[in-house]
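Numbering of the sequence shown is given in this note's numbering, commencing with residue 1 and proceeding in unit increments. Ideal Cβ placement from N, Cα and C applies to all residues, glycine included. Report on one structure; see the data block that follows.
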Amino acid sequence: MAFTHNFLIYCFLLFVLPCIAKSSFKPKALILPVTKDASTLQHITYITHKNPLKPIKLVVDLGGHSLWVDCETSYNTSTYKPVNCETEQCKLVMSSDCGDGCEREWLPKCSRDQCFNNIYASYSDEIFPGGLVAEDVILIQSTDGKKLSQVATIKGFIFTCVNNYFNPTLPSGVVGSAAFGSSDIALPTQLAKTFNFPRKFVSLFKFFYKKEGFYYFRRWPLCYPSK
């Protein structure tokens, strides 16, 4: 059956509501929708945060260290939690900087002793030194390798908040970057740790010339997933 990214966004917003995973749910594999932006040729994906349910449009950074989001422009969720200094989460970031996050009035919530993180966008060769580390609950579609399954919940997902000053060349509607690098807080690493997966992923397109497809985490699929 033909795949469209609109269908997957529909799944995130509607299929998620009755099917949010229970804590005991262990998915066989996870998938993220991916499209190619015609103007920049960058790969775009979507991750959904929980409260409220909203897909966040992100550019894929295969060398990225931390998923980051422009929290000043469009981020407001009740499950957001700042990460403090000298915590295990801050150690995973390998940050040596801490400070008063409450000086950033645009943050959903803040800490007087918040962990900082430097963001490097490999696709634009830009650095933002003032990112603030946080946690949130995100939802990602699962699959059995043949069809879509339950939506998996990832609690305590570590990411970095930046303000809209950090604005590398991004496609329209994109508010951040999904990091696929090798760090302890990169997206594949956090998914692997949460669900005891091998730390592997593959980009899967129905045909090589297609502009739409998936990023697939865990085992290689036997066929292209359908609903």
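Please return the same chain residues whose Cβ sits closer than 6 Å to the Cβ of S95, not counting the five positions on each side in sequence.
C115, F116, N117
Once you ignore the five residues that flank Y75 on each side, which residues in its own chain have a CB closer than 6 Å to its CB?
V69
Cα separation between Y80 and G156?
One C-alpha to the other measures close to 9 Å.
Please classify S78: does DSSP put it in a helix, a strand, or coil?
coil
In terms of DSSP beta bridges, what is V137 paired with?
The partner list for V137 (beta bridge, DSSP) is empty, contrary to what the question assumes.
Here's a check: name, in chain order, each residue in its chain whose Cβ is nearer than 6 Å to the Cβ of P108, leaving out the five neighbours to either side.
N76, Y80
In three-state DSSP terms, what is P188?
helix
CB contact flag (I158, V83, <9 Å):
yes
Throw me the rounded Cβ distance for the T45 and L32 pair, which I believe falls under 8 Å.
Confirmed, about 5 Å.
Going by beta carbon distance, what residues of the same chain come within less than 7 Å of E72, once the five residues before and after it are set aside?
Same-chain partners within the cutoff: W106, N163, N164.
Assuming the contact rule is C-beta atoms closer than 8 Å, V93 and S122 should be a hit. Round their C-beta distance to whole Å, please.
Wrong, their Cβ atoms sit about 17 Å apart, outside the cutoff.
Got a sec, what are the start and stop residues for the beta strand (DSSP E) E212 sits in?
212-217
Return yes when the Cβ of A179 is within less than 9 Å of the Cβ of G64, no when it is not.
yes
Beta-carbon contacts of L187 that lie in its chain and below 7 Å, excluding the five residues immediately before and after
Excluding residues within five positions, the ones whose Cβ falls inside 7 Å are L67, A178, A179, F180.
Take the Cβ of R112 as the centre, count every other Cβ of all protein chains shown within 10 Å, and call the residue buried at 16 or more, exposed below.
exposed
S203 bridges to which residues according to DSSP?
Y215
Short of 8 Å in beta carbon distance, which residues of its chain neighbour C90, apart from the five on each side in sequence? Order them along the chain.
V83, N84, C98, C115, V133
Looking at the secondary structure, which residues open and close the alpha helix (DSSP H) in which L92 lies?
88-93
Tell me which same chain residues have a C-beta within less than 6 Å of the C-beta of I140, skipping the five on either side of it?
L30, A152
Excluding the five sequence neighbours on either side, which residues of its own chain have a C-beta within less than 8 Å of the C-beta of V175, listed in chain order?
I56, K57, L58, V69, D70, T73, S74, Y75
Can you tell me whether K50 is helix, strand or coil according to DSSP?
Coil.
Reference V202, options K193, Q190, R218, closest by Cα:
R218
Mapping the DSSP letters down to three states, classify A21 as helix, strand or coil.
The pLDDT assigned to A21 is 38, lower than 50, so where the model puts this residue is not dependable, and the model offers no usable value.
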